[in-house]
Every structure is written in structure tokens, then in C-alpha cells.
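Engineer:
2 protein chains.
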Amino acid sequence: MNRTVSIPKTGPQSCGDCPIRHRAVCARCDDEELVQLEEIKFYRSYQAGQVIAWSADRMDFVASVVTGIATLTQTMEDGRRQMVGLLLPSDFVGRPGRETAPYDVTATTDVVMCCFRKKPFEEMMLRTPHIGQRLLEMTLDELDAAREWMLLLGRKTAREKIASLLAILARRDASLQLREPEGVISFELPLTREAMSEYLGLTLETVSRQISALRKDGIIEIRGKRQITVPDFDRLLEETGDDTDGGFLV
Amino acid sequence: MNRTVSIPKTGPQSCGDCPIRHRAVCARCDDEELVQLEEIKFYRSYQAGQVIAWSADRMDFVASVVTGIATLTQTMEDGRRQMVGLLLPSDFVGRPGRETAPYDVTATTDVVMCCFRKKPFEEMMLRTPHIGQRLLEMTLDELDAAREWMLLLGRKTAREKIASLLAILARRDASLQLREPEGVISFELPLTREAMSEYLGLTLETVSRQISALRKDGIIEIRGKRQITVPDFDRLLEETGDDTDGGFLV
DNA sequence: CGACTCTTTGAGTACGCTCAAGGGGTGTGG
DNA sequence: CCACACCCCTTGAGCGTACTCAAAGAGTCG
């Protein structure tokens, strides 16, 4: 963990090519604004497992996740850990106006981030309403997701928690392939059992047991450790405890 | 519950007198902008227990809490409930650009709200960066609070949860009286045992038992059902499981 | 092949839940 | 003024879900 091996910087050549162009904090910017952003931006890459920022560290940049998955985690004095954010491509890291990171930020897969030096970014936000507007929209979405998550943490059973997480990942995977999640779905788990347990407020043993149980009940199939197949997405949804028709927010 | 008795509208006369003027969504507005806001605003009052908006209801306004406490709650099909937001004076309700409420909004005490008709408010946001900027700041704060709450829901014991809630309420009460929370503190519980259990992801019996336990251990004293005295705030903090020196975000 | 990481499974335990009964305060009606 | 109903809260007994501690299997890399 935290090996500082340098790996190729695989950021896009320019904003025009960027895979998150239409969803990230820069989504509403026009060409002129993108030119300004290009001047203060740089790419950084992190290996799976590497810590991007420690809680209470100074962070001199804000950033968008371009590819890969990162997490925000809080740790208690005695070591209990709770994941409080799951950052996917296009998600934003850092808070304008804040000096230090309030959470540990970790790359769970290899990650490429599009970073902006903080000071110039803050100055640009003041002149460029498009950025603040988009950031507000994204923050409101994150707040909705956090509240959905609070319901999961406070009220769902272990089995429902696992099913909910799998449903979220399946949905996300489907949306990357631009199709509706339905019928047979197959995707790769980007999280270890431990990361899942930190996400769900469980122990890793309970996560493992519940995944085995869902497999035995035919809700999911597993190839190797990480490749999940959901033969019937609706059956998975029934296990989440959520309203079957209600829309999900992640 | 939900009695539609009309009670006196006790909103301030004008924005200049408003007790939340410096903290609400209008905090950064200048006099000219306040005049515009006055044109689209109106006050509404709700009795303790009354539902302000049901989940999936159309909401034609957004609002600031002026006095009292309101809650946001999610309900699962089988009736399990989880509070996902605690709204205090100056907090903002509603999301610009969204038609329907995603949560039940309930007044737990008598509440006065400063409401803005949604459409004109959204239009004004486009012309008035001060509003969007302040709303972004408030939303980021709420997201931080939600994440603190996720740690509580996912990882804390029942005793720690109760202590954390009491600490939050004590802090808030102290800040209303413009002093630091330390030494002997006394305040009134604005929540029933049931509301506390919905907040903390517990049953009301467990809440009651843990409050009794804290009382037996001398961490708190209770007069009647709702008046709490904390003889030593630091001892209460030790029971929360949090870093004793780390700052809290609510 | 051995070392390492991640995962699975088992056995026993404990914390918080469920079900149940009863206490205390307040308001209403006889 | 008392009786009663109602709400909120407390306490008890037993149970079950998820945790703890422990051991071993599976996959990967050097």
C-alpha cells in the first residue's frame, strides 16, 4: 500500500477527448472556459491500494476522477472504519475553500485524476458561474446518495445491504454500457470484501457469508472472486428491501 | 398528527429583523437582492408533529427553517424508518430543479418556515450568484454532516450513538447562546425517544435503556422526560467514541 | 515452491431487537 | 374532583443477527 511507483499518466490529450467531459464539474463550461481550465489542470495517476490523501493532510488541489474508483473513509481512534463516499469517474474530490482533507482518500483500483490547483480554481469559480452551478448540482446528488446510504446503514439487514451494493454496482456498470439494468447482468466487483464491509457497516466475514448465501439461493453466480453474474436483476432488487418501482439515486 | 389548525404566523417583519439573516441561504445577499427575495417569499407555520411534505408530494416552494426543528425521514415498504436529515434554524429545505420531495418532511417542534415560490426562486438563482454560492456552501456542510452521521450509523455502539446525539444537541444549544460547550450544560431534548431511535438507527427501547444507563453512570441527569443536564461535557465526549480533540462538523 | 493476500467457513458470543407489561404525566369527561 | 384514556417512557425476559476468534482454502507473484 502507498507504494510510490510511477505509472503512465494516461489522461486524455485535451478536454475535448475526455471521457467525463459531459458529467464532470466542467460539464457546462464552454470552449473559452475549457481553455482557462486547461491552464491550471494536470493529471495524476494512482495505483490500486495507494492513498491519495490522508485525513487532515493539506490538499493543494481539487480533482475529478477520470477513470477508476476511489473511496472516502473515516477512521475512529480504535481503528473502526466507515466508508463515507464512493468516487466514480466524473466525481469530484475536494472542497473549494478548505485547506485539509477531512477523510482518507484511497484508490481502490488504478485511478487517473484530473487535478486543478486549488487557488486558481477557486478564483475561476468566482468568475465562472457554470462551474459553481455544476458543482452545486453534483453536491446535491451526492447528498441524496449519502441519504440513501444512511437508510442502508441504519435499517437494512446484512443480506439487504449486500444486495443493495450489488444492485448499485450492476446499475453503474449497465449505465457505462448505456443500457438498462435488466435480465442477465455481468460485471466485476471493484472492491475487496474488506472494502465492501467498510462500505456497508459490516465485518468482512459477514460480507463473505452473505455473498455465499446469495449464491446458494441462486440470486448471483460467481466466477473466480470478483466476476459476478446476476441471472435475474429483478430478483436481486427484491432482496434489497427497496421499493421495487422507486427510482434509485446513484 | 397533521392537524391543519392554523396558528399565528410569527415570521419576522422584514429580512432585516430575521434571526437567520446571517446564516440562511440569503446570507450573502445585498439589500437590493433582499428586496427581490421579499417579493417571492411568504411565511408558513407548522405545529409540532405536523407533516410539512410527504415523500413524492409535489413541492411548489423551497424554504428556510426560521425557528423550530424539522426532520427528513425515509420509509421502507415494511415500515422501517430512518431519519436522514435534522433541520435547524437557517437550514434549507427543497432542491431547486426538483419537482417532488424525496423524503417525508416533518415538524418535530412548532416550526416557522420562510418559503420562496420555487419557479421565481430558480430564476433568481440564475441572475444572482450570491444565492447559488451560499447554497453550495450550505450543501457541502450538510454533506459533511451526513458523512459524520454515516460513521455513527455504521460503526458506533448504541451507547456511543446516544452520547453523540446528546453532544450534538448540547453543542447546538450552546452555540445558540453564543458560548463554548464545556463544564455543566443543560438543555431540553427536542426529540421523542422514537424520533431519536429513527435518527440513530435503533429501537426506541434501546434508546430508553441507554439513556437510563448514562444516567446511572452519572454522565447525564434528567429532570422530567426531556430536560437534560450534563455535569461534565468532557465525560460525555469520551462516551461518543470520537476523537476528543478533533472538531465536529454539525 | 513458498510467501502473501484475499476469501471462506465454523463455533461460540454478545449486542441490540422483539414481545410484553407496567409506570407517570396530562387532558378530558362524568 | 376523580376516573379514565392516551401518550410517552421504562424495564424485563428471551431471542436472533451479526460479531469475534480461529483455521484453512484459493489465487497470485517472485
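Protein sequences, first through last, are from chains A and B. First residue of the first sequence: 1, per the UniProt record's numbering; consecutive thereafter. First residue of the second sequence: 1, per the UniProt record's numbering; consecutive thereafter. Just so it is clear, CB atoms sit at the ideal spot from N, CA and C, and this is done for glycine as well. Just so you know, these numbers come straight off a predicted model, no measurement behind them.
1) Check the Cβ of M124 (chain A) against every Cβ in chain B and list those closer than 8 angstroms, keeping chain order.
2) Please classify K119 (chain A): does DSSP put it in a helix, a strand, or coil?
3) Does DSSP classify C29 (chain A) as helix, strand or coil?
4) Whose C-beta lies closer than 7 angstroms to the C-beta of F233 (chain A) among residues of the same chain, with five residues either side of it excluded?
5) Is it buried or exposed, V35 (chain A), if we count other Cβ atoms within 10 angstroms and call 16 or more buried?
6) Measuring only the C-alpha atoms, how far is E194 (chain B) from V66 (chain A)?
7) Helix, strand or coil for A163 (chain A) per DSSP?
8) Can you name, in chain order, every residue of its own chain whose Cβ lies under 6 angstroms from the Cβ of L249 (chain B), other than the five neighbours on each side?
9) Using a C-beta cutoff of 8 angstroms, does D110 (chain B) count as contacting chain A?
10) What does the Cβ neighbour count give for K58 (chain A), buried or exposed, with the cut at 16 atoms within 10 Å?
11) Beta-carbon of R80 (chain B) versus every beta-carbon of chain A: anything under 8 angstroms?
12) For the alpha helix (DSSP H) containing D104 (chain B), name the first residue and the last one.
13) Taking 8 angstroms as the CB-CB cut-off, is Q36 (chain B) touching chain A?
14) What is the DSSP secondary structure of T206 (chain B), reduced to helix, strand or coil?
15) Sorted by chain position, which residues of the same chain lie with C-beta nearer than 8 angstroms to E122 (chain A)'s C-beta, five sequence neighbours on each side aside?
16) Run through the DSSP bridge pairs and tell me what E221 (chain B) is partnered with.
17) What is the DSSP secondary structure of Q24 (chain B), reduced to helix, strand or coil?
18) Using a Cβ-Cβ cutoff of less than 7 angstroms, which residues in the same chain neighbour I196 (chain A) once the five nearest sequence positions on both sides are dropped?
19) Quick one: what's got a C-beta closer than 8 angstroms to T229 (chain B)'s C-beta in the same chain, skipping five residues either side?
20) Cα separation between I162 (chain B) and D31 (chain A)?
21) In the DSSP output, which residue or residues are listed as bridge partners for R114 (chain A)?
22) State the start and end residues of the unbroken beta strand (DSSP E) segment that holds L72 (chain B).
23) Is there a C-beta anywhere in chain A that falls below 8 angstroms from the one on E77 (chain B)?
24) Whose CA, out of B:G154, B:Q47, B:V112, B:F116, lies closest to the CA of M83 (chain A)?
25) Give me the residue from A:A56, A:T109, A:E39 with the minimum Cα distance to A70 (chain A).
26) Counting C-beta neighbours from all protein chains within 10 Å, is the total for K119 (chain B) 16 or more, i.e. buried, or is it exposed?
27) In three-state DSSP terms, what is T100 (chain A)?
28) Taking 8 angstroms as the threshold (C-beta atoms), are V25 (chain A) and R134 (chain A) in contact?
29) What are the start and end residues of the alpha helix (DSSP H) that includes G154 (chain A)?
30) Is the CB-CB distance between I20 (chain B) and S90 (chain B) below 8 angstroms?
31) Just grab the DSSP bridge partners of residue 314 (chain B) for me.
32) Tell me which same chain residues have a C-beta within less than 7 angstroms of the C-beta of R235 (chain A), skipping the five on either side of it?
33) Based on DSSP bridge pairs, tell me the residues matched to I185 (chain B).
34) Going by DSSP in three states, L214 (chain A) sits in which element: helix, strand or coil?
35) Given that a residue counts as buried once 16 or more other Cβ atoms are within 10 Å of its Cβ, and exposed if not, what is residue 267 (chain A)?
36) Let me check one thing: in DSSP terms, what residues is H85 (chain A) bridge-paired to?
Structural biologist: Result, derived from the coordinates:
1) Translated into positions along the first sequence, residue 124 (chain A) becomes position 124. Chain B residues near M124 (chain A): none, gap ~13 angstroms exceeds 8 angstroms.
2) Counted from its first residue, the first sequence places residue 119 (chain A) at position 119. Correct three-state label for K119 (chain A): helix.
3) Taking the first sequence and counting its residues from 1, the one referred to as residue 29 (chain A) is at position 29. In the structure shown, C29 (chain A) sits in coil (DSSP, three-state: anything other than H, G, I, E or B).
4) Position 233 of the first sequence holds residue 233 (chain A). For F233 (chain A), where only same-chain residues beyond five positions count, the Cβ hits under 7 angstroms are A170, P181, E182, G183, I185.
5) Residue 35 (chain A) sits at position 35 when you count from the first residue of the first sequence. Its Cβ having fewer than 16 others within 10 Å, V35 (chain A) is exposed.
6) Stepping through the second sequence from its first residue, residue 194 (chain B) is reached at position 194. Stepping through the first sequence from its first residue, residue 66 (chain A) is reached at position 66. Rounded to whole angstroms, E194 (chain B) to V66 (chain A) spans 44 angstroms at the Cα level.
7) Within the first sequence, residue 163 (chain A) is the residue found at index 163, counting from 1. The DSSP-derived three-state label of A163 (chain A) is helix.
8) Residue mapping note: residue 249 (chain B) aligns to position 249 of the second sequence, counting from 1. Caution is warranted here: a pLDDT of 42 is assigned to L249 (chain B), below 50, making its placement in the model unreliable, and no coordinate value can be reported.
9) Residue numbering aside, residue 110 (chain B) sits at position 110 when the second sequence is read from its first letter. Cβ-Cβ to chain A under 8 angstroms: no for D110 (chain B).
10) As a first step, residue 58 (chain A) must be located in the first sequence, where it is residue number 58. Residue identity check: residue 58 (chain A) is Arg in the sequence provided, not Lys. By the neighbour-count rule (16 or more Cβ atoms within 10 Å), R58 (chain A) is not buried but exposed.
11) Counting from one through the second sequence, the residue named residue 80 (chain B) turns up at place 80. Chain A contact via Cβ: present.
12) Residue 104 (chain B) sits at position 104 when you count from the first residue of the second sequence. Counting along the chain, D104 (chain B) falls outside any alpha helix (DSSP H), though it belongs to the beta strand (DSSP E) covering 104-107.
13) Position 36 of the second sequence, counted from the start, is the residue given in the question as residue 36 (chain B). Interface with chain A (8 angstroms Cβ-Cβ cutoff): Q36 (chain B) is excluded.
14) In the second sequence, counting from the first residue as 1, residue 206 (chain B) sits at position 206. Residue state, collapsed to three classes: helix.
15) Along the first sequence, read from residue 1 onward, the residue named residue 122 (chain A) stands at position 122. Within the same chain, and ignoring the five residues on either side of E122 (chain A) in sequence, the residues whose Cβ sits closer than 8 angstroms to its Cβ are P96, G97.
16) Position 221 of the second sequence holds residue 221 (chain B). Note: E221 (chain B) sits in a beta bridge opposite B:T229.
17) Within the second sequence, the letter at position 24 stands for residue 24 (chain B). What sits at residue 24 (chain B) in the sequence shown is Ala, not Gln. If DSSP states are grouped into helix, strand and coil, A24 (chain B) belongs with coil.
18) Here residue 196 (chain A) is taken as the residue at index 196 of the first sequence, counted from 1. This sequence places Met at residue 196 (chain A); Ile is not what is there. Correct list, in chain order: L165, V207.
19) As a first step, residue 229 (chain B) is located in the second sequence; it is residue number 229 there, counting from the start. Same-chain partners within the cutoff: V184, I185, S186, I220, E221, I222, R223.
20) Numbered from 1 along the second sequence, position 162 holds the residue referred to as residue 162 (chain B). Numbered from 1 along the first sequence, position 31 holds the residue referred to as residue 31 (chain A). When rounded, the separation of the alpha-carbon atoms in I162 (chain B) and D31 (chain A) is 52 angstroms.
21) Translated into the one-based positions of the first sequence, residue 114 (chain A) becomes position 114. It is worth fixing the name first, because residue 114 (chain A) is Cys in this sequence and not Arg. DSSP lists A:Y43, A:S64 as the bridge partner or partners of C114 (chain A).
22) Within the second sequence, the letter at position 72 stands for residue 72 (chain B). That run of the beta strand (DSSP E) goes 70-75.
23) Indexing the second sequence from 1 puts residue 77 (chain B) at position 77. It does; some Cβ of chain A falls within 8 angstroms.
24) Counting from one through the first sequence, the residue named residue 83 (chain A) turns up at place 83. The candidate whose alpha carbon is nearest that of M83 (chain A) is B:G154.
25) Reading the first sequence from its first residue, position 70 is the one you call residue 70 (chain A). When each option's Cα is compared against that of A70 (chain A), the closest is A:T109.
26) Walking along the second sequence from the start, residue 119 (chain B) turns up at place 119. The residue in question, K119 (chain B), is exposed, as its Cβ has fewer than 16 Cβ neighbours within 10 Å.
27) Within the first sequence, numbered from 1, the residue matching residue 100 (chain A) stands at position 100. Look at T100 (chain A) here: in three-state DSSP terms it is strand.
28) The residue you call residue 134 (chain A) lines up with position 134 of the first sequence. The residue you call residue 25 (chain A) lines up with position 25 of the first sequence. Closer than 8 angstroms, so yes.
29) As a working note, residue 154 (chain A) is residue 154 in the first sequence. Taken as a continuous stretch (DSSP letters only), the alpha helix (DSSP H) holding G154 (chain A) covers 129-155.
30) Translated into positions along the second sequence, residue 20 (chain B) becomes position 20. Translated into positions along the second sequence, residue 90 (chain B) becomes position 90. Cβ distance < 8 angstroms, so I20 (chain B) and S90 (chain B) count as in contact.
31) Residue 314 (chain B) is absent from the model: chain B starts at 1 and stops at 250.
32) As a position in the first sequence, residue 235 (chain A) is number 235, starting the count at 1. The beta carbon of R235 (chain A) sits closer than 7 angstroms to those of I219, all from its chain and outside the five residues before and after it, given in chain order.
33) Along the second sequence, one-based indexing puts residue 185 (chain B) at 185. Paired residue(s): B:V230.
34) For the purposes of this step, residue 214 (chain A) is taken as the residue at position 214 of the first sequence. Of the three classes helix, strand and coil, the one that applies to L214 (chain A) here is helix, per DSSP.
35) Shown here, chain A extends from 1 to 250; a query on residue 267 (chain A) therefore has no answer.
36) Taking the first residue of the first sequence as 1, we reach residue 85 (chain A) at position 85. Note that residue 85 (chain A) is Gly in the sequence shown, not His. Partner(s): A:L72.
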